[in-house]
């Protein structure tokens, strides 16, 4: 029996809504030596980081409540908020673009399994399953018995991502493939 070595995924909490998730899913902010709040998209700047969801609701709540100012222990100027809002709008599509790219490449290489039946009939394979947000209940139930990701794509968008006409509900990447490792790195 082979064991699967899962890489540790660092998690952080949003300073505003307190949701805990992989730190790659959050925007990091730091206090600069000049005392200004700075967006640290590469997560490399020195200093104590504070994280926020790339969501306009969290940003608006942070602005009203002063949660980020308290967490960073500095005043946040009005010109910072539009910059943070712009960063949040660019943040989520990058993950979606990466995922579409990986799925397209996996299909071209023959590594991607499309459809519940094909995944279920693959012998001795463990999969990372990804299913569309509007998948049927039976597909969702099947996916829940494996490591899975519910995508923020509907069936039409998933079909386009993998280059197939029709309504693709679920796809699977063999767990030991480089494609599955790539997806786990930028999703989790």
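In this note's numbering, the protein residues as written are 62 to 249. For every residue, glycine included, the Cβ atom is placed at its ideal position computed from N, Cα and C.
Integer-rounded CB distance, given that residue j should sit under 8 Å from residue i
i, j, result
"residue 83", "residue 72", "6 Å"
"residue 162", "residue 116", "Rounded, the Cβ-Cβ distance is 23 Å, inconsistent with contact."
"residue 223", "residue 165", "7 Å"
"residue 133", "residue 92", "5 Å"
"residue 190", "residue 178", "Not really, about 13 Å apart at Cβ, beyond 8 Å."
"residue 167", "residue 240", "4 Å"
Residue i, enclosing beta strand (DSSP E) - first and last residue
i, result
"residue 180", "Careful: residue 180 lies outside any beta strand (DSSP E), inside the alpha helix (DSSP H) at 177-182."
"residue 80", "Segment: none, residue 80 is in no beta strand (DSSP E) and carries neither H nor E."
"residue 100", "98-100"
"residue 232", "231-235"
"residue 189", "188-192"
"residue 139", "Taken as a continuous stretch (DSSP letters only), residue 139 belongs to no beta strand (DSSP E), as it is neither H nor E."
"residue 74", "72-74"
Alpha helix (DSSP H) segment containing residue i, residue limits
i, result
"residue 109", "Residue 109 -> no alpha helix (DSSP H), and no H or E assigned at all."
"residue 126", "117-126"
Within 8 Å, strictly: CB atoms of residue i and residue j
i, j, result
"residue 188", "residue 143", "no"
"residue 212", "residue 219", "yes"
"residue 217", "residue 228", "yes"
"residue 111", "residue 90", "yes"
"residue 175", "residue 232", "yes"
"residue 95", "residue 120", "no"
"residue 78", "residue 87", "no"
Paired residues, beta bridge with residue i - DSSP
i, result
"residue 216", "According to DSSP, residue 216 bridges with nothing at all."
"residue 92", "98"
"residue 168", "BP columns for residue 168 are empty, so no partner."
"residue 209", "190"
"residue 174", "233"
TODO: Count the C-beta pairs between the segment 187-198 and the segment 135-149 that are closer than 8 Å, then say yes if the count reaches three, no if not.
DONE: By the Cβ rule, the segment 187-198 does not count as touching the segment 135-149, because fewer than three pairs are nearer than 8 Å.
Task: the segment 112-126 in contact with the segment 166-180 per 3-pair CB rule at 8 Å - done: In this structure the segment 112-126 does not touch the segment 166-180; the number of beta carbon pairs closer than 8 Å is below three.
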